[in-house]
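Only one structure is covered here, and it is reproduced in the block below.
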Amino acid sequence: MKEILNSFDPITLEQMSAIRLMNRTDTKFVTTTEQLRRLLTMAQKDYFVQEIDGERIAPYYTLYFDTQDCAMYTAHESGHTNRQKLRIRSYVNSGLNFLEVKTKNNHGRTKKKRVLVHEFDPMNPERNICFHCQNREFCEYDDFLRSNLQYDPFTLSEQLENRFDRITLVNKGLTERLTIDTNLRFHNVATDNYRFLDNIVIIELKRDGRVDSPILTLLKELRIKPQGFSKYTIGSAMTNEGLHCNRLKPRLHTIERIIA
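Next comes the structure, spelled out in structure tokens:
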């Protein structure tokens, strides 16, 4: 994969800051590492690859929180259009960690609010984090959560962690970003179950409205179709047998077929 990425022209974080995507639409695709290699080879002339400190593949870590009865998971699995997620997202190479609230409204729009988290180590993540004003280490986040989260922070605990490697492409017209996540690894904190999806690739196209996208033609040529994929929801369903997942079963079966 690195050899293919080395053939792309690079783009820096500073250059990417000019890409605003004010009227953004997001579309996800699920495929295999073999198909990804083909896609990258075909996309070289139309895209830049993000490069940070000479690296074109970046490791990420995410820790998701939920209520004891997994109310956030249930809202997503039940198809509620107004739902939220709470997570700590770590950009491992840069050492930046953010506490993030993601809210999806009934118009299909997703808004993300975040605040910097201090002294969090994604390589040795802390357990039993308590977002409560009496917990001196995390009391500074209490106001942020109560302003942006629909749930009582004190009812939340760690549920799922995942790691993955991300490639970020930008089209040369600077109207879209493409994030490509590989090597997905899930660990359910509540059940202590693990699931690795080594051959699964999640592609997310983020573009400015409905402008033409070079990648859509290539995806169609490779017969890679749009398909939703929530890392928290899919990872939870795969690692916690106690969760209801009837609405997810077709998607889970598709993923299992891709793995096979």
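Quick note on numbering: the sequence shown equals residues 18 to 277 in the working numbering. Glycine is no exception: its CB is placed at the ideal position from the N, C-alpha and C atoms.
- About 4 Å separates the beta carbon of Tyr78 from that of Ser107, a gap short enough to meet the 8 Å contact definition.
- Measuring C-alpha to C-alpha distances from Leu113 to each of Thr256, Asp159, Leu133 identifies Leu133 as the nearest.
- Cβ-Cβ distances below 8 Å link Val109 to Ala75, Pro76, Tyr77, Tyr78, Pro139, Met140 in the same chain, with the five nearest sequence neighbours on each side left out; the list follows chain order.
- Where Gln176 is concerned, the enclosing beta strand (DSSP E) starts and stops at 173-188.
- One Cα belongs to Leu116, the other to Arg104, and the distance between them is close to 6 Å.
- In terms of CA proximity to Leu177, Leu260 leads the group Leu260, Ile28, Thr199.
- In this structure Leu166 is buried. Its beta-carbon is surrounded by 16 or more other beta-carbon atoms within 10 angstroms.
- The alpha carbon of Phe213 has as its nearest neighbour, out of Phe181, Arg240, Gln244, the alpha carbon of Phe181.
- If you draw a straight line from the Cα of Thr29 to the Cα of Lys242, it comes to about 30 Å.
- When the Cα atoms are used, Arg264 and Glu94 turn out to be separated by approximately 6 Å.
- Excluding the 5 residues flanking it on each side, Ile275 has same chain C-beta neighbours closer than 8 Å at Val47, Thr48, Thr49, Asn216, Ile217, in chain order.
- By DSSP's assignment, Pro139 forms no beta bridge with any residue.
- For the pair Thr84 and Met33, the Cα-to-Cα distance works out to about 36 Å.
- Judged by DSSP secondary structure, Arg55 falls within the alpha helix (DSSP H) whose first and last residues are 50-60.
- The same chain holds no residue with a CB closer than 7 Å to that of Ser164 once the five nearest residues on each side in sequence are set aside.
- Counting the other CB atoms within 10 Å of its CB gives Thr256 a total of 16 or more, which places it among the buried residues.
- If you look at Asn114, you'll find it in the beta strand (DSSP E) that goes 113-121.
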